[in-house]
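Participant:
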Amino acid sequence: MNCLEFRRIALADPRRLEAEAAGHAERCAGCKDFLVRSLEAEARLASALRVPVPRGLRARLLDRSAFPRRPLRRLALAAGLVIAVAITLVIGWPRNDPLALAGIDFVMFEEAQAIADAKPTDAAVLARVAHHMGVSLPEQLGEVRYVGTCPFAGTTAYHVLVKSPLGKVTLLLVPERPLASRAVASAHGLEAAIVPAVAGSVAIIGGSGRSISRVETLLKSS
Amino acid sequence: MLGASKTAFEIAVADYLDDLYRYAYWLCRDRWLAEDLAQETVLRAWRGWSRLREARAVKGWLFTILYREFVRSAARKRMESEPAEALRSEPYDHADPALAIDLDRALRGLGEDSRHAILLQVLGGFSCAEIAAVLGSSEGAVMTRLTRARQALRRSLEPGETDREANEA
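One line per chain: the protein sequences are E and S, in this order. Position one of the first sequence corresponds to residue -2 (the numbering used here), numbered consecutively onward. Position one of the second sequence corresponds to residue 205 (the numbering used here), numbered consecutively onward.
1. Based on the DSSP secondary-structure assignment, which residues constitute the bridge partners of S183(E)?
2. Per DSSP, which residues does H156(E) bridge with? Please list them.
3. Across which residues does DSSP place A200(E) in a beta bridge pair?
4. Quick one: what does DSSP say S318(S) is sitting in, helix, strand or coil?
5. Just the chain E side, please: which residues come within less than 7 Å of C332(S) by C-beta, in chain order?
6. Taking Cβ-Cβ distances below 7 Å as the criterion, which residues of the segment 230 to 247 of chain S are in contact with chain E?
7. Can you pull the chain E residues whose beta carbon is under 8 Å from the beta carbon of Y271(S), in chain order?
8. Count the other CB atoms within 10 Å of the CB of W236(S); is the residue buried (16 or more) or exposed (fewer)?
9. Under 8 Å Cβ-Cβ, which residues of chain E neighbour T351(S)?
10. From this set, Q355(S), V338(S), L323(S), which residue's C-alpha is nearest S44(E)'s C-alpha?
11. Would you report the Cα separation of A109(E) and R276(S), rounded to the nearest angstrom?
12. Quick one: what does DSSP say G164(E) is sitting in, helix, strand or coil?
13. Which class does E258(S) belong to by DSSP, given the choice of helix, strand or coil?
14. For the segment 150 to 164 of chain E against the segment 132 to 139 of chain E, do three or more pairs of beta-carbon atoms, one drawn from each stretch, fall closer than 8 Å, so that the two count as touching?
15. From L221(S) to S342(S), what distance separates their C-alpha atoms?
16. Mind pulling the chain E residues with CB within less than 7 Å of D317(S)?
17. What's the gap between the Cα of E362(S) and the Cα of V346(S)?
18. Is T351(S) near L8(E), with beta carbons less than 8 Å apart?
19. Between which residues of its own chain and L69(E) is the CB-CB distance below 7 Å, once the five residues before and five after are set aside?
20. Could you pull the DSSP bridge partners for E226(E) from this structure?
21. Take F149(E) as the anchor and find which of E213(E), A124(E), F106(E) has the nearest alpha-carbon.
22. Give the residues of chain S in contact with P51(E), contact being defined as C-beta atoms less than 7 Å apart.
23. Does the beta carbon of S285(S) come closer than 8 Å to any beta carbon on chain E?
24. So with Cβ pairs under 8 Å, would you call L163(E) a contact of chain S?
25. Measure the C-alpha to C-alpha separation of K165(E) and G27(E) and round it to an integer number of angstroms.
26. Alpha carbon to alpha carbon, what distance is there between V262(S) and A216(S)?
27. How should G220(E) be labelled, buried or exposed, when 16 other C-beta atoms within 10 angstroms of its C-beta is the threshold for buried?
28. Against R226(S), what residues of chain E qualify as contacts under a CB-to-CB distance less than 8 Å, listed in chain order?
29. With the cut-off set at 8 Å, would you say E213(E) and G203(E) are in Cβ contact?
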């Protein structure tokens, strides 16, 4: 090992030198001095990064992480109320469709990573896929900001981000996923509808029911 | 197999919470956002606790969740990794406010990946290989980022020292 190699290693991780690097520092006074100064700088950096932790942080993080410890009576009352509301919702509220809900989860938790990871798809490929699925992608939809592919519901979806007049809308064209009827979901402040196409299905996820209806109408306009 | 109870979870994660918060703090430069980020991380960790098999993986797992949660929230809220000036460093949180401002500026001067790498190593104590796993990168790339990050930080924070080294070289 020469001095240049040693210094690269010491700058990458001065606190975890392997035997060969440590041996070099023992034999080379310049590198030993470099290591000492690196470790001092490291200690100053570590000390500067160790900002004070807010009082009670641990308790707050752990208490809120799972089961809040509340008096049983209050818990029982709350549970009763939740059950009553749940019964009302189950009877009178449209249920979240799992596939539409998966669309919302995709937008919430995976979309950014999917865009970062994926190789953008050619718009011409998307046009061919849409044609095959019997779906129209007219210009009135809005500005197409991104086209790519991503895994969705156990198959591959064509992922399209549209800046529509009513806000951002995500489309997932899933050619291999046929659907019998339209289904919807609502979660995390987002709305989703998954609609059957001639071949496969299309998930539409947006910030409002209105934006989804608009896109849905345009998709069927061909 | 780790204990399934909440107590087992608390014991396993308790030692890492302070540094988890600090990592979040230097990503957001805002103590409230940092606490929210740490909170979301712990919540997700609890939800996935039953799937974790090895106690020694807990720390890396927590920091990985926080890193991913930060990336997600940055995209979700259109919160840039380098937030508006008003949200930037809170020097009053620090024992040496001037150093905090300089450090904040120096960290912002690093690339996104280099900043994550140096914070994970100095605060989390992770090796290059472990950081590579968190960031989804190669160990060699992480080593390069760390080397450059330290050089840049030393140039910013200790200009006299780097001048001396340059003269010696």
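Positions of the beta carbon are idealized from the N, C-alpha and C atoms, including for glycine.
Facilitator: To lay it out plainly:
1. E188(E)
2. G145(E), L169(E)
3. L169(E), I191(E)
4. helix
5. A9, D10
6. W230, R235, E239, A242, Q243, V246, L247
7. Chain E residues near Y271(S): none, gap ~11 Å exceeds 8 Å.
8. exposed
9. Within chain E, the residues near T351(S) are R5, L8, A9.
10. With respect to the C-alpha of S44(E), the residue from Q355(S), V338(S), L323(S) having the closest C-alpha is L323(S).
11. 6 Å
12. strand
13. Here E258(S) sits in coil by DSSP.
14. The answer is yes - the segment 132 to 139 of chain E touches the segment 150 to 164 of chain E, with three or more Cβ pairs under 8 Å.
15. Cα to Cα, L221(S) sits roughly 27 Å from S342(S).
16. One finds nothing in chain E with a Cβ atom closer than 7 Å to the Cβ of D317(S); even the nearest lies about 12 Å away.
17. 23 Å
18. yes
19. Low local confidence applies: a pLDDT of 47 at L69(E) is under 50, so the model's placement there is unreliable, with the coordinate-based value given in what follows. Cβ neighbours of L69(E) beyond the five flanking positions: none.
20. Because chain E is modelled from -2 through 219, residue 226(E) falls outside the range shown and cannot be assessed.
21. F106(E)
22. R235, E239, listed in chain order.
23. Model confidence at S285(S) stands at a pLDDT of 47, short of 50, so the residue's coordinates are unreliable and nothing is read from them.
24. no
25. K165(E) and G27(E): Cα-Cα distance of roughly 58 Å.
26. It is roughly 7 Å from the alpha-carbon of A216(S) to the alpha-carbon of V262(S).
27. Given a span of -2 to 219 for chain E in the structure shown, any question on residue 220(E) remains unanswerable.
28. L46, R47, V48, V50
29. No.
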